[in-house]
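*Asks:* Dropping the structure in here first, questions after.
Residue numbers (the numbering used here), protein chains in the order written: chain S, 1 to 490; chain W, 1001 to 1154.
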């Protein structure tokens, strides 16, 4: 398939758009990454945007074209020379409609430069877009004929707005489509088998004396369970390579779970069964000695991982949720096959998007101890309000009177030393995002909100000013006022 | 039997809505100055906010400025443009009273008569029960401003 994509990137007689369509876990992002790396190595990658729901700025449609333009300007001096006057004369262009952005950021500079290049957009379905037809695809369809030397490589799940966009009259004849989940099962299974064999032998070499732990029969079973989904294979290998457990014990746990289970939300597709079963096995085995109180902590910490508006570090999760840092680190590392737990102070993230999908879907996450319901937002907003109540105070960065923030030379250092970064910064910038999605009217939330607005409001504004995030203050208050108004109308 | 949800709805959220709306007005009015300088919240923004502002009432104790003190001229209430920042309800119609002291706003199932400067609700008028899902077709004050009428389709 990489060869097919390679030949498409080189042949400008072919369609200007290549759509790699695949279900979650079929390996789209890995392929997009590989395509982008190869193009970059050849000097043919114009720009790339890897959408991700886990990050606010990477799921914001308004940022796609400006980001692509920025990268193109770094790559091509002729694009740079046409973008700089545009931004100087009209710095507000980043707030214009997607259509105007497309014209000004991409079409005009690329057309006047007359260059040939490839642009990669991965996981378009991860961008927040409420339209019935993908807004990005709509403007792409309207403009792509004007920039004939530019090709777009796009990956996404087969979500309806995106399918509608590609099937529309503007793009239908201009798009090559490759449907990843319809590749012949024997081809995928062979690849997955190779992957298992390679990784298992590597694991055996690295952790000595365990060469015989995996038989051909077990490999067959693992391949059947993967059912064509690479994400299953990757999660399995991560699970086997547990720091404190012997791989053969880990494998035995997987083998004990049935090959086909009834835990599945996407029953009509019938594809998540074994993946859900694997996730559930990992969670249940990792926390099998837990007491009910420990389960609550697991659910709280996991809700901070999967529901946070932006990923948090383990120490920020501990501080925000009121747990001991080492306890959170232990907890997260216990399920390191499901999470990427980096070095401090970097944020922890799910190893794959299918894990948050699984754990927030009651039809898929069959064990209620681990299910992250929308009500977990209530706990998160209460935690945010609590930490702001505890920590916010006047003049946390000792700013001199009558100076502009920009005149404080060592402001970043003062912010670091003030303890604002981490949990408090997250709470200040994101509390309202948890508040406004809560459907459950909890009296504690109203009480904490009243306390915050009456006692900490100006200190909160001061912190947002110093962080350069006053836009968050306006957004928070607009959203909160609207939400309260809706509550009053109920 | 009462459920927890029913008990919670009985919490009076309206004062909280008013506080939140006033906080939004404060940010709208002083956005530029606060964006550029955090300490100006205490030096100027709070001092220059109107006497009727809830934020001023709650945080007035933090007003401090070594060199500046507002002696006179502090507005009594938010100007009408800033005041409107605190409302999010979608109004279908609005009419001014002949004296200009009131504004009536037509909403789904009710009409609010408000002070146009502070947007404080002076009165809420509700139609009969069978019109709670409807929006008034037209509204109007009598020439002397003492009576108010509205009509519904059908």
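Beta carbons are placed, not taken as given, at the ideal position from N, Cα and C, and that holds for glycine.
Given the structure is predicted, the values throughout are model-derived calculations rather than measurements.
(1) Near residue 484 (chain S), what residues of its chain come up, given a Cβ to Cβ distance below 7 Å and the 5 sequence neighbours on each side ignored?
(2) Return no unless some Cβ of chain S is closer than 8 Å to the Cβ of residue 1024 (chain W).
(3) Considering only the beta carbon of each residue, do residue 122 (chain S) and residue 8 (chain S) sit closer than 8 Å?
(4) Using the Cβ count rule (16 or more neighbours within 10 Å means buried), how would you classify residue 250 (chain S)?
(5) For chain W, check one thing: does any of its Cβ atoms lie closer than 8 Å to the Cβ of residue 451 (chain S)?
(6) When you compare the CB positions of residue 314 (chain S) and residue 338 (chain S), do they come within less than 8 Å of one another, or not?
(7) I need the straight-line Cα distance from residue 21 (chain S) to residue 227 (chain S), nearest angstrom please.
(8) For a quick check, are the C-beta atoms of residue 492 (chain S) and residue 1023 (chain W) less than 8 Å apart?
(9) Measuring only the C-alpha atoms, how far is residue 221 (chain S) from residue 234 (chain S)?
(10) Is residue 11 (chain S) helix, strand or coil when you go by DSSP?
(11) Any idea if residue 491 (chain S) is buried or exposed, counting beta-carbon neighbours within 10 angstroms, 16 or more meaning buried?
(12) Return the residue from the list S:318, S:298, S:439, S:427 that minimises the CA-CA distance to residue 463 (chain S).
(13) For chain W, check one thing: does any of its Cβ atoms lie closer than 8 Å to the Cβ of residue 488 (chain S)?
(14) From which residue to which residue does the beta strand (DSSP E) around residue 1134 (chain W) run?
(15) Determine, for residue 1016 (chain W), whether the minimum Cβ-Cβ distance to residues of chain S falls below 8 Å.
(16) Is residue 151 (chain S) helix, strand or coil when you go by DSSP?
(17) For residue 485 (chain S), would you say it is in contact with chain B, using Cβ-to-Cβ distances shorter than 8 Å as the test?
(18) Quick one: Cα of residue 424 (chain S) to Cα of residue 434 (chain S), how far?
(19) Listed in chain order, which residues of the segment 379-406 of chain S have Cβ atoms closer than 9 Å to some Cβ of chain W?
(20) Can you name the residues of chain W whose CB is closer than 8 Å to the CB of residue 178 (chain S)?
(21) Quick check: what's the CA-CA separation for residue 195 (chain S) versus residue 240 (chain S)?
(22) For residue 172 (chain S), does the count of other Cβ atoms within 10 angstroms reach 16, so buried, or fall short, so exposed?
(23) Starting from residue 466 (chain S) and walking both ways along the alpha helix (DSSP H), at which residues does that stretch end?
(24) Any idea if residue 166 (chain S) is buried or exposed, counting beta-carbon neighbours within 10 angstroms, 16 or more meaning buried?
(25) To the nearest angstrom, how far is the alpha carbon of residue 17 (chain S) from that of residue 43 (chain S)?
(26) To which residues of the same chain is residue 285 (chain S) closer than 6 Å at the C-beta, ignoring the five residues directly before and after it?
(27) Pick helix, strand or coil for residue 1078 (chain W), following the three-state DSSP scheme.
(28) Identify the continuous alpha helix (DSSP H) that holds residue 1140 (chain W) and give its terminal residues.
(29) What are the residues of the segment 449-473 of chain S that lie near chain W, defined by any Cβ-Cβ distance shorter than 7 Å?
(30) Please classify residue 1122 (chain W): is it buried, with 16 or more other beta-carbons within 10 angstroms of its beta-carbon, or exposed?
(31) Would you kindly report the start and end of the unbroken alpha helix (DSSP H) that includes residue 99 (chain S)?
(32) Just mark residue 493 (chain S) as buried or exposed, buried being the case when its beta carbon has 16 or more other beta carbons within 10 Å.
(33) So, is the C-beta of residue 1034 (chain W) closer than 8 Å to a C-beta in chain S?
(34) As an exercise, report each continuous beta strand (DSSP E) stretch of at least 3 residues that is fully enclosed by the segment 24-87 of chain S, in chain order.
(35) Here's the rule: buried if 16 or more other CB atoms are within 10 angstroms of the residue's CB, otherwise exposed. What is residue 1071 (chain W)?
(36) For residue 1114 (chain W), which beta-bridge partners are listed by DSSP?
*Replies:* Concretely, from the data shown:
(1) Excluding its 5 nearest sequence neighbours in each direction, residue 484 (chain S) has no C-beta neighbour in its own chain below 7 Å.
(2) Residue 1024 (chain W) counts as touching chain S.
(3) Contact flag unset, no.
(4) Looking at its Cβ environment, which holds 16 or more other Cβ atoms inside 10 Å, residue 250 (chain S) is buried.
(5) With 8 Å as the cut-off, residue 451 (chain S) does not count as an interface residue toward chain W.
(6) Between residue 314 (chain S) and residue 338 (chain S), the CB-CB gap reaches or exceeds 8 Å.
(7) Rounded to the nearest angstrom, the two C-alpha atoms are 18 Å apart.
(8) Lying outside 1 to 490, the shown extent of chain S, residue 492 (chain S) is not represented and no answer is given.
(9) In a straight line, the C-alpha of residue 221 (chain S) is about 15 Å away from that of residue 234 (chain S).
(10) Coil, per DSSP.
(11) Nothing in the structure corresponds to residue 491 (chain S), since chain S is present only between 1 and 490.
(12) Selected option, being the one with the closest Cα: S:427.
(13) So, interface residue.
(14) Counting along the chain, no beta strand (DSSP E) covers residue 1134 (chain W), and no H or E run does either.
(15) True, the Cβ-Cβ gap to chain S drops below 8 Å.
(16) Residue state, collapsed to three classes: strand.
(17) Included in the structure are the protein chains S and W, with no chain B among them.
(18) In this model, residue 424 (chain S) and residue 434 (chain S) are separated by some 15 Å (Cα to Cα).
(19) Those would be 394, 395, 397, 399, 400, 401, 402, 403, 404, 405, 406, in chain order.
(20) Residues of chain W passing the Cβ test: none, with the nearest at roughly 45 Å.
(21) Here the alpha carbons of residue 240 (chain S) and residue 195 (chain S) stand approximately 14 Å from one another.
(22) Residue environment for residue 172 (chain S): exposed (fewer than 16 other C-beta atoms within 10 angstroms of its C-beta).
(23) Counting along the chain, the alpha helix (DSSP H) containing residue 466 (chain S) begins and ends at 457-467.
(24) With 16 or more Cβ atoms within 10 Å of its Cβ, residue 166 (chain S) is classed as buried.
(25) Roughly 19 Å separates the two Cα atoms.
(26) 253.
(27) Annotated three-state conformation of residue 1078 (chain W) is coil, per DSSP.
(28) Premise fails: residue 1140 (chain W) lies in the beta strand (DSSP E), 1138-1141, not in any alpha helix (DSSP H).
(29) Cβ contacts with chain W come from 449, 450, 453, 454, 457, 458, 461, 462, 465, 466, 470, 473.
(30) So residue 1122 (chain W) ends up on the exposed side.
(31) Secondary structure note for residue 99 (chain S): its alpha helix (DSSP H) is the uninterrupted segment 98-101.
(32) The question about residue 493 (chain S) has no answer here: the residues shown for chain S are numbered 1 through 490.
(33) By the rule that beta-carbons nearer than 8 Å mark a contact, residue 1034 (chain W) touches chain S.
(34) Fully enclosed beta strand (DSSP E) runs of 3 or longer: 45-50.
(35) Residue 1071 (chain W) counts as exposed, since fewer than 16 other C-beta atoms from the protein chains shown sit within 10 angstroms of its C-beta.
(36) BP columns for residue 1114 (chain W) point to W:1103, W:1121.
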